[in-house]
Ligand SMILES: C[S@@+](CC[C@H](N)C(=O)[O-])C[C@H]1O[C@@H](n2cnc3c(N)ncnc32)[C@H](O)[C@@H]1O
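In the numbering used here, the protein residues as written are 6 to 273.
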């Protein structure tokens, strides 16, 4: 089924807005912030570095490139005008950040001009992901760094027992939202084929807690799409939504997914 992230700029406005809201919720989730800190702490940049995030969404991870990783200037490239407008609004306080509507496969940036390229939950959504990696190789300076972080989404689960009725909801969401489900497990051969020297592939566990705000965006969006596909009536969707909300209110919601990160270097 079609992954809305694969052509988000042309998706319905309601879909783009729901995804922008989900990215905003995810970006401030403490466990997500901790994972970003963990893999970004492996990156060392030269002074005056120029960093690019491909697939920058609402810009929170591009911001990390300046505030956490120490780039002097960071550019976010994103095909959705709605996401880009929101990124500009969120981060207008930081002059070192710039956001452009564009395509990671054809950035228009010069050869050997960038110190760091970041892809944070991008590649699993892009048909022809190898073209994005090739473009990163082209624009990076010799010795430049490619950082990739992506969902290992087949690990996603909310089940707290056999035949848990919420489980197919999140499995459905992964099925309709992730174009390249297995690609993150094949990052090492993917970046090696483009000429990069790969570092260690690392796994990061994400467990929802508190109000499970990000997991609830996953469940909400799945229920909306299941209704539009005729799989659920509004009453059925409401029942599943209240099941998730009740588990959260009673502090017995479980939501887990694993992510993978890889830092690679362009030789030179
Ligand atoms: C899951 S979102 C991640 C956004 C951001 N990196 C974050 O973590 O908050 C994936 C983003 O990649 C963008 N994207 C998809 N295909 C792209 C392409 N060919 N070039 C650049 N961005 C793309 C989508 O529009 C979407 O905003």
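All C-beta atoms in this analysis are idealised placements derived from N, C-alpha and C, irrespective of residue type, glycine included.
Sheet register partners of residue i (DSSP bridge)
i           : result
residue 155 : 265
residue 58  : 81 and 123
residue 87  : Answer is none; residue 87 lacks a bridge partner.
residue 208 : 265
residue 270 : 150 and 202
Residue from the options whose Cα sits closest to the Cα of residue i
i           : options               : result
residue 269 : 244, 198, 85 and 210  : 198
residue 155 : 264, 233 and 135      : 264
residue 46  : 71, 195 and 60        : 71
residue 29  : 227, 222 and 191      : 222
residue 249 : 232, 238 and 215      : 215
residue 159 : 177, 32, 102 and 148  : 177
residue 205 : 212, 191, 242 and 218 : 191
residue 100 : 92, 107 and 106       : 92
residue 105 : 115, 88 and 117       : 88
residue 130 : 59, 247, 246 and 81   : 59
residue 83  : 247, 11, 53 and 49    : 11
Boundaries of the alpha helix (DSSP H) in which residue i is found, first to last residue
i           : result
residue 140 : 134 to 144
residue 219 : 218 to 233
residue 214 : Neither: residue 214 is in no alpha helix (DSSP H) and is coded neither H nor E.
Simplified DSSP state of residue i, which is helix, strand or coil
i           : result
residue 51  : coil
residue 183 : coil
residue 35  : helix
residue 203 : strand
residue 165 : coil
residue 23  : helix
residue 111 : strand
residue 63  : coil
Residue i, enclosing beta strand (DSSP E) - first and last residue
i           : result
residue 106 : 102 to 106
residue 245 : Counting along the chain, residue 245 falls outside any beta strand (DSSP E), though it belongs to the alpha helix (DSSP H) covering 239 to 254.
Check whether the stretch 250 to 257 and the stretch 64 to 78 are in contact - that is, three or more C-beta pairs closer than 8 Å. no
Between the stretch 221 to 239 and the stretch 135 to 151, do at least 3 Cβ pairs fall closer than 8 Å? no
Are three or more beta carbon pairs between the stretch 104 to 120 and the stretch 163 to 175 nearer than 8 Å? no
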